[in-house]
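Engineer:
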Amino acid sequence: MAVRQKSHLFYQSHNRRPVLDQARGIYMWDVDGERYLDGSSGAMVCNIGHSNENVLQAMRRQMEKSTFGYRLHFETEPAELLASKVAALSPEGLDKVFFVSGGSEAVESAIKLARQYALASDQPKRWKVISRYPSYHGCTLGALALTGFTSLSKPFDPMMRVMPKIPAPTAYLDGLDPDIPETGYHYADMLEQCILEEGPESVLAFIVEPVGGASTGALVPPAGYMERIREICTRYNILLIHDEVMTGGGRTGRFFAGEHWGVSPDILVLSKGFSAGYVPLGAMIAHNDIVDAVMAGGGFLHGFTYAGNPLACAAGLAVIEQIEAQDLLKNAETVGAILKHRLTGLMARYPFIGDVRGIGLLLAFELVSDRNTMQPLPKELSAFDRLVDIAYSNGLIIYSRRTRGGLEGDHFLVCPPMITTAEQVEEIMIMLIRSLDTFAAEAQV
Ligand code: PLP
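Structure below.
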C-alpha cells in the first residue's frame, strides 16, 4: 500500500491512507498499482462510478468553451439546463433552483432562505430550526448548529446558536416495530412536543434527512413517520426542509428519497451524488411561493462566487443523463436488495452484528456486544476504525462512524456505486467476510 510518510496537508484523519492514482467504475488504484473496490462510493458520493466517459466528454466540451462566468455578469447555458432538469425531477411546486458547491453550503442557503421568507411574510419572530440527534447537516457554523453530533459541534458551541433537536426514530434500539404507523407517530409526535415547548411562533423550520446518513447509518424512518412530520409542519406553518445531500441523486432507488413516502418538503438540498464526485456541486431547491415572496421582499441576500459554475453544471447534467440512460435508479433498487439480503445473512455467522438496515444502495450494518440489549462493543476496541483498516488491507473501502441514538455504537456503510452488478456484490461479500473474520479473531468477539 503506497502510503506517503510526510505531508503538508492536514485533515482530521489520523490514519495515513494510500496515494490515489486512478479510478474506473467501482475500482480505484493507488500509485503502487494496488486495487481497491470503492464500497462506499467515497463518502456516498460517486454514485455513477468513477471516470464515466460520457461525463468526462461533457466536461471536456464545456472546458473548451468556458470554465467560469460570474453569475452576476453572465447567465450560462449549462446552469439553465441543469436547473430545468432538476426542477422537472423535483416534487411539484419546487421549481426554483439555487446552485452551490457542496452540502454545507446548500444547508446554509436553505436556512437563510427560510429566514428571509419568514421576514418577507411578516413573521420576524420565527428563527429556530429544529433538527434531530444524531444527524449530520454539514461543518459550517450554521449547518453545525443543526447537526446532532455533539463531538463535532461542542467545541464551537459558544460561536453559534445551537438549535433545538429531537431524537431520530431509532426503533431498532427502542424495541419498537418499524413497520407499524404507531411507531412512526411516536417519533414524529416528538416534533410537535418540541414545537410546543419552544413556542410555535418562534419556529421557522424542521430539517430532516429522509434516510439518515453517516450519523445514524442508513436509518430508514418507520412507517407513518415522514407523512406525520409533513402534517405537523403544515399545521404549525413551519417549513419542512429535506436534507437530501446524501440521499438525493438516486442512491435509495428514487431520485429523491422523499419519494418513497410521497412527501414533498418546502425546501430540499442536495449535493454528493448530484455531481457524483466529478466536480464540487450542490443545490437548494425551493417552492415557488417561498422564492416569489423573498424576491418580492427585496431579493435573496445570499450567494457564493462559484455558484452555478458552468463546468460544474455541465458535469451535473451529464451525471443525471447517465443515471437515466443506464436506468441506475432501478439498479440501485435491485442490486441494493441483493446486497442487503447478503449483509443480513452475515448475522447468522457473526453474533456481533446487531442490525442491518437501509434502502436501495444506502446500506449499513452495526456492531454490538449483545444483540438482545444492543449494547455497543467496548470503545477500546475502536471497531469503527479497526474494521475499516482491515477491509482496506483486503482491497475493500467501507465507511464507518461511532455514533447512534443516545449511545455510542459502531456502524459501517456499505454503499457501492449505483452501477454495481450482482457479481460485484459477491466480490464485496468475499472481501467483507474475510475482513470480519480477521476482526472477530483479533477482537475476540
Ligand atoms: N448533509 C448531509 C446529510 C450530509 O451527509 C453531508 C455530508 O456528509 C452534508 C450535509 C454536508 O455536505 P458537505 O460535506 O458537502 O459540506
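Its first residue numbered 1, the sequence shown is counted upward by one per residue in full-length UniProt numbering.
Even for Gly, the Cβ is constructed at its ideal location relative to N, Cα and C.
(1) Rounded to the nearest angstrom, what separates HIS137 and GLY103 at their Cα positions?
(2) How about GLY217 and GLU366: are their beta carbons less than 8 angstroms apart?
(3) Can you tell me which of the three DSSP states MET226 falls into?
(4) Taking contact to mean at least 3 C-beta pairs separated by less than 8 angstroms, is the segment 38 to 50 in contact with the segment 261 to 279?
(5) Express the C-alpha separation of ASP289 and VAL129 in angstroms, rounding to a whole number.
(6) Pull the bridge partners of GLY282 from the DSSP assignment, please.
(7) Of the choices GLU244, GLU259, ASP266, whose alpha-carbon is the least far from that of ILE238?
(8) In or out: ASP38 buried (at least 16 other Cβ within 10 Å) or exposed?
(9) Check each candidate in MET284, LEU240, LEU119, TYR225 and name the one with the smallest Cα separation from ALA293.
(10) Of all the options ASP179, GLN123, LEU270, ALA171, which has the alpha carbon lying nearest to the alpha carbon of VAL203?
(11) Have a look at ALA188, MET163, MET63 and flag the residue whose alpha-carbon is nearest the alpha-carbon of residue 468.
(12) Confirm, please, whether the CB-CB distance from GLY273 to GLY249 is below 8 angstroms.
(13) Regarding GLU209 and the ligand PLP, is the C-beta to nearest heavy atom distance less than 7 angstroms?
(14) Mind checking ASP327: buried by the 16 CB within 10 Å criterion, or exposed?
(15) Considering only heavy atoms of the ligand PLP, does any lie closer than 7 angstroms to the CB of TYR136?
(16) In angstroms, rounded to a whole number, what distance separates the CA positions of LYS85 and SER66?
(17) According to DSSP, is ILE26 part of a helix, a strand, or is it coil?
(18) With H, G and I counted as helix, E and B as strand and the rest as coil, what does DSSP make of PHE365?
(19) Please list the terminal residues of the continuous beta strand (DSSP E) segment that includes PHE304.
(20) Need the endpoints of the beta strand (DSSP E) that ILE430 sits in, please.
(21) For ALA214, is the beta carbon positioned less than 7 angstroms from some heavy atom of the ligand PLP?
(22) So SER135 and SER215 are in contact, right, with Cβ under 8 angstroms, and what is the actual spacing, rounded?
(23) Our contact map puts MET284 next to LEU113 with C-beta atoms below 8 angstroms; I'd like the distance itself, whole angstroms only.
(24) Beta carbon of GLY148: closer than 7 angstroms to some heavy atom of the ligand PLP?
(25) Taking the alpha helix (DSSP H) that LYS165 belongs to, which residues open and close that run?
(26) For LEU413 versus ALA364, is the C-beta distance shorter than 8 angstroms?
(27) When DSSP labels each residue in this structure, what does PRO158 get in the three-state scheme?
(28) Of all Cβ atoms in chain B, is any one closer than 8 angstroms to the Cβ of LEU72?
(29) I need the straight-line Cα distance from TYR27 to LEU343, nearest angstrom please.
(30) Going by other Cβ atoms of all chains shown within 10 Å of its Cβ, with 16 needed for buried, is GLN375 buried or exposed?
(31) Among GLY184, ILE320, SER41, ARG132, which has the Cα closest to the Cα of ARG254?
(32) Just to confirm, are ILE166 and CYS194 a CB contact at a threshold of 8 angstroms?
(33) For the beta strand (DSSP E) containing TYR399, name the first residue and the last one.
(34) Per the contact definition of three or more C-beta pairs closer than 8 angstroms, is the segment 56 to 65 in contact with the segment 294 to 301?
(35) What is the rounded straight-line gap between the Cα of residue 446 and the Cα of ASN52?
(36) Using a Cβ distance threshold of 8 angstroms, determine whether the segment 372 to 386 contacts the segment 420 to 432, with at least three qualifying pairs required.
Structural biologist: Checking against the coordinates, here is how it stands:
(1) Locating residue 137 in the sequence shown gives position 137, counting from the first residue. Locating residue 103 in the sequence shown gives position 103, counting from the first residue. Their Cα atoms are separated by approximately 8 angstroms.
(2) Here residue 217 refers to the residue found at position 217 of the sequence shown. Here residue 366 refers to the residue found at position 366 of the sequence shown. Yes, the pair counts as a contact, with Cβ atoms nearer than the cut-off.
(3) In the sequence shown, the residue the question calls residue 226 occupies position 226. For MET226, the three-state secondary structure derived from DSSP is helix.
(4) Touching, yes, given that three or more Cβ pairs across the two stretches are closer than 8 angstroms.
(5) Within the sequence shown, numbered from 1, the residue matching residue 129 stands at position 129. Within the sequence shown, numbered from 1, the residue matching residue 289 stands at position 289. Those two C-alpha atoms are separated by around 20 angstroms.
(6) One-based indexing of the sequence shown puts residue 282 at position 282. Paired residues: VAL100.
(7) Residue numbering aside, residue 238 sits at position 238 when the sequence shown is read from its first letter. The shortest C-alpha separation from ILE238 is found at ASP266.
(8) Here residue 38 refers to the residue found at position 38 of the sequence shown. Taking all protein chains in view, the Cβ of ASP38 is crowded by 16 or more other Cβ atoms within 10 Å, so the residue is classified as buried.
(9) For the purposes of this step, residue 293 is taken as the residue at position 293 of the sequence shown. Of the candidates MET284, LEU240, LEU119, TYR225, LEU119 places its Cα closest to the Cα of ALA293.
(10) Counting from 1 along the sequence shown, the entry for residue 203 is found at position 203. Comparing Cα positions, the closest option is GLN123.
(11) Residue 468 cannot be examined here, being either before or after the span of the chain that is shown, 1 to 445.
(12) In the sequence shown, the residue the question calls residue 249 occupies position 249. In the sequence shown, the residue the question calls residue 273 occupies position 273. Going by C-beta atoms, GLY249 is nearer than 8 angstroms to GLY273.
(13) Reading the sequence shown from its first residue, position 209 is the one you call residue 209. It does: the Cβ of GLU209 is within 7 angstroms (strictly closer) of some heavy atom of the ligand PLP.
(14) For the purposes of this step, residue 327 is taken as the residue at position 327 of the sequence shown. Label assigned to ASP327: exposed.
(15) Counted from its first residue, the sequence shown places residue 136 at position 136. True, at least one ligand heavy atom lies under 7 angstroms from that Cβ.
(16) Position 85 of the sequence shown holds residue 85. Position 66 of the sequence shown holds residue 66. Their backbone Cα atoms lie some 21 angstroms apart in a straight line.
(17) By one-based count along the sequence shown, residue 26 stands at place 26. In the structure shown, ILE26 sits in coil (DSSP, three-state: anything other than H, G, I, E or B).
(18) By one-based count along the sequence shown, residue 365 stands at place 365. It is a strand residue.
(19) Along the sequence shown, read from residue 1 onward, the residue named residue 304 stands at position 304. For PHE304, there is no enclosing beta strand (DSSP E), since its DSSP letter is neither H nor E.
(20) Indexing the sequence shown from 1 puts residue 430 at position 430. Going by DSSP, ILE430 is part of no beta strand (DSSP E) but of the alpha helix (DSSP H) stretching over 422 to 443.
(21) As a working mapping, residue 214 is identified with position 214 in the sequence shown. Checking every heavy atom of the ligand PLP against the Cβ of ALA214, one is found closer than 7 angstroms.
(22) Looking up residue 135 in the sequence shown gives position 135. Looking up residue 215 in the sequence shown gives position 215. Between the beta-carbon of SER135 and that of SER215 there is about 5 angstroms, and that keeps the pair under the 8 angstroms contact cut.
(23) The residue given as residue 284 occupies position 284 in the sequence shown. The residue given as residue 113 occupies position 113 in the sequence shown. A Cβ-Cβ distance of about 7 angstroms is found for the pair MET284 and LEU113, placing them in contact under the 8 angstroms criterion.
(24) Locating residue 148 in the sequence shown gives position 148, counting from the first residue. Checking every heavy atom of the ligand PLP against the Cβ of GLY148, none is found closer than 7 angstroms.
(25) Translated into positions along the sequence shown, residue 165 becomes position 165. For LYS165, there is no enclosing alpha helix (DSSP H); the residue is found in the beta strand (DSSP E) stretching over 165 to 167.
(26) Here residue 413 is taken as the residue at index 413 of the sequence shown, counted from 1. Here residue 364 is taken as the residue at index 364 of the sequence shown, counted from 1. Yes, they are a contact pair.
(27) Position 158 of the sequence shown holds residue 158. Judged by DSSP in its simplified three-state form, PRO158 adopts helix.
(28) Looking for chain B here will not work: only one protein chain is present.
(29) Working through the sequence shown from its first residue, we reach residue 27 at position 27. Working through the sequence shown from its first residue, we reach residue 343 at position 343. Each residue's alpha carbon lies about 20 angstroms from the other.
(30) Within the sequence shown, residue 375 is the residue found at index 375, counting from 1. Counting of Cβ neighbours within 10 angstroms places GLN375 among the exposed residues, the total staying below 16.
(31) Sequence index remark: in the sequence shown, residue 254 carries index 254 (1-based). Distance check between ARG254 and each of GLY184, ILE320, SER41, ARG132 places ILE320 closest, using alpha-carbon atoms only.
(32) Position 166 of the sequence shown, counted from the start, is the residue given in the question as residue 166. Position 194 of the sequence shown, counted from the start, is the residue given in the question as residue 194. CYS194 is positioned such that its CB atom lies closer than 8 angstroms to that of ILE166.
(33) Working through the sequence shown from its first residue, we reach residue 399 at position 399. Looking at the DSSP string, the run of the beta strand (DSSP E) that includes TYR399 is 399 to 402.
(34) Contact fails: fewer than three Cβ-Cβ distances are below 8 angstroms.
(35) There is simply no residue 446 to check, as the chain begins at 1 and stops at 445 in what is shown.
(36) They do not touch, by the three-pair rule.
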